[in-house]
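J.: Here it is: the structure, laid out below.
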Amino acid sequence: MTIYYIFVNFFIYGFIGWCAEVAFAAVKEKKFVNRGFLNGPLCPIYGVGVTAVVMLMRPFEENLLPLFAASAILVTVLEWLTGFLLEVLFHHKWWDYTEMPLNLNGYVCLPFSLMWGSACVVIVKLLHPLIFKGYSFLPVWIGTVFLSVLGAALIADLYDTVSGILKMNKKLEKMEEIVAELHQISEQLGENIYHNVMEGMERQEAIREKREEYHQSIRQREEELREKYAEFMEHSSRTGRRMLRAFPKMQSKRHREIWEELREKHDHLHQKFLSGKK
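If you read the sequence shown in my numbering, its first letter stands for residue 378, the second for the next number, and so on.
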């Protein structure tokens with residue numbers, strides 16, 4: 378298989394995979410959800426996975442059981458690596474199979490591995506021969522033009538998505554810093570109250586004004602931090618909103634509590650939007 382056909386398969390199966398994910402979400406959620414890591418209608422993991430299957434499974438095409446087993450193993454390894462690398466690079470867990478039986482780190486599980494193996498048998502035996510026959514009639518030069526356009530769009534989409542995730546992570550870090558400072562302010566106020574109680578009443582009047590000024594500055598800073606935190610919470614990024622919709626079980630490994638708060642806020646606003654449409 379030439380590089381040209383590898384890229385053709387990547388885009389075709391990446392798009393088919395995206396369609397399958399959207400259809401699955403539509404049945405489950407009763408609404409359109411743009412599933413996938415990217416903004417556009419393409420799931421790279423499907424493009425890479427299915428292309429690898431149709432390339433590497435040729436020796437097993439005539440034997441269903443070896444084809445099923447080898448495909449299931451290959452796709453499972455790719456899914457595990459994808460989940461692991463996404464978490465290492467971006468500190469988020471995009472999907473979680475922890476509640477599924479016989480899972481490995483929540484990235485893969487036996488039921489889905491069996492499903493992928495069955496799907497790959499159908500693809501190799503039935504779907505891919507039809508798709509290959511269809512695009513083989515397309516002149517290579519026309520296909521190359523299409524691939525060039527799609528490749529440029531993919532690079533732009535990848536850049537936009539990655540930069541959006543990095544900005545989202547910086548926002549989460551700032552919110553985490555605000556929470557830490559609010560906690561520190563709370564502790565300082567508690568310590569001051571303790572010292573006020575413990576000091577003799579005869580000294581209270583002498584230092585009351587200075588303490589009041591200090592408390593006033595602390596309260597002002599606390600109010601500023603709370604307003605800034607609320608602003609971050611209200612104005613979530615486009616990438617963050619899409620990730621919350623596309624991956625309901627997505628987790629932030631570094632900012633778990635704030636991420637869950639953002640999810641609850643997003644779900645509340647989404648339900649309010651839906652109720653307003655009825």
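For every residue, glycine included, the Cβ atom is placed at its ideal position computed from N, Cα and C.
For clarity, every value in this text was computed on a predicted model and none was experimentally measured.
Can you tell me whether DSSP reads T379 as helix, strand or coil?
T.: T379: coil per DSSP, three-state reduction.
J.: Along the chain, where does the alpha helix (DSSP H) containing R465 start, and where does it finish?
T.: Note that residue 465 is Val in the sequence shown, not Arg. Start and end: 441-467.
J.: In the DSSP assignment, find the alpha helix (DSSP H) that holds V431 and state where it starts and stops.
T.: That run of the alpha helix (DSSP H) goes 421-433.
J.: Does the stretch 456-475 come within contact of the stretch 503-522, defined as at least 3 CB pairs closer than 8 Å?
T.: No, the stretch 456-475 is not in contact with the stretch 503-522.
J.: To the nearest angstrom, how far is it from the Cα of M578 to the Cα of K551?
T.: Any reading at M578 must be qualified, since the residue scores a pLDDT of 47, below 50, and its modelled position is unreliable; the value itself is stated next. Rounded to whole angstroms, M578 to K551 spans 41 Å at the Cα level.
J.: Would you mind stating whether V539 and E438 have Cβ atoms separated by less than 8 Å?
T.: In this structure, E438 does not lie closer than 8 Å to V539 by Cβ.
J.: Residues bridged to Q561 by DSSP?
T.: According to DSSP, which records beta bridges pairwise, Q561 is partnered with nothing at all.
J.: Given a cut-off of 8 Å on the beta-carbon distance, is the pair F445 and L419 in contact?
T.: It is not a contact, given that the beta carbons lie outside the stated cut-off.
J.: Quick check on the DSSP output: the alpha helix (DSSP H) that includes S490 runs from which residue to which?
T.: Per DSSP, S490 belongs to the alpha helix (DSSP H) from 487-499.
J.: Between G394 and Y423, which are expected to be in contact by the criterion C-beta below 8 Å, what is the C-beta distance as a whole number of angstroms?
T.: The Cβ separation is near 2 Å, so the contact holds.
J.: If you draw a straight line from the C-alpha of L524 to the C-alpha of P478, how long is it?
T.: Cα to Cα, L524 sits roughly 40 Å from P478.
J.: For N482, which three-state DSSP category applies?
T.: Three-state result, N482: coil.
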